[in-house]
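Take a look at the structure set out below.
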Amino acid sequence: MNTNRKGFTLVEIMIVIAIISILAAIAIPNFLKSRKVSQTNACIANLKQIQGACEQAKLAGVTPADATIYGAANYIKVAPTCPAVAASAYTIPSGDADPVCPNVATYSDHKLP
Numbered sequence: 007m008n009t010n011r012k013g014f015t016l017v018e019i020m021i022v023i024a025i026i027s028i029l030a031a032i033a034i035p036n037f038l039k040s041r042k043v044s045q046t047n048a049c050i051a052n053l054k055q056i057q058g059a060c061e062q063a064k065l066a067g068v069t070p071a072d073a074t075i076y077g078a079a080n081y082i083k084v085a086p087t088c089p090a091v092a093a094s095a096y097t098i099p100s101g102d103a104d105p106v107c108p109n110v111a112t113y114s115d116h117k118l119p
C-alpha cells in the first residue's frame, strides 16, 4: 500500500476554514467599532479646528462666516466635512456658540466635549 499522499484531506480543510471563521468573527466587529471611533475623533478634530479659526477671526475683528474662514488666503484652506457622511459641511456658529456637526442628530457623539 502506498502511503505517500499529496494534498489535504477534507477534515484538515474544514478545520482551517473553522479557524479562519472564528478569527473573522472576532476581528470584523472590532474593525467596525474602531472605524466608528476614528470617524468620531476626526469629526471632533474638525470641530476644534473650526472653533479655533472662528476665534482667530474674532480676534482679527472679523465676523466669522464661510467666506471669511474658508479659502486659500483665510484661516482654513479647505472646508472640512464630517467623515461619517460624505459632503456634509459644518455650520459656522453665530456669536459665541460652538460649531455643530450636520450629523449630530444621527451621531450624538459628534460634538465638542
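Heads up, my numbering is the position in the sequence shown plus 6, with the first residue counted as 1. Here a beta-carbon is modelled for each residue, glycine too, at the ideal position from N, C-alpha and C.
Considering only their Cβ atoms, is the gap separating residue j from residue i smaller than 9 angstroms?
| i | j | result |
| --- | --- | --- |
| PRO35 | GLN55 | no |
| ILE98 | ASP72 | yes |
| ALA90 | CYS49 | yes |
| LEU118 | LEU53 | yes |
| ILE28 | ALA59 | no |
| PRO105 | GLN45 | no |
| ALA78 | THR69 | no |
If you run the structure through DSSP and keep just helix, strand and coil, what is residue i?
| i | result |
| --- | --- |
| THR87 | strand |
| ILE19 | helix |
| ILE82 | strand |
| VAL106 | strand |
| ALA95 | strand |
| PHE14 | coil |
| VAL43 | helix |
| GLY58 | helix |
| LYS64 | helix |
Can you tell which of the options has its C-alpha closest to the C-alpha of residue i?
| i | options | result |
| --- | --- | --- |
| GLU61 | ALA51, ILE75, ILE50, CYS49 | ILE75 |
| GLY101 | GLY67, ASP115, ASN109 | GLY67 |
Let's see if you can read the secondary structure: which residues bound the alpha helix (DSSP H) around residue i?
| i | result |
| --- | --- |
| ASP72 | 72 to 75 |
Hey, would you say the C-beta of residue i is under 8 angstroms away from at least one heavy atom of the ligand FMN?
| i | result |
| --- | --- |
| ALA31 | The model on display carries no ligand, and the ligand FMN is accordingly not part of it. |
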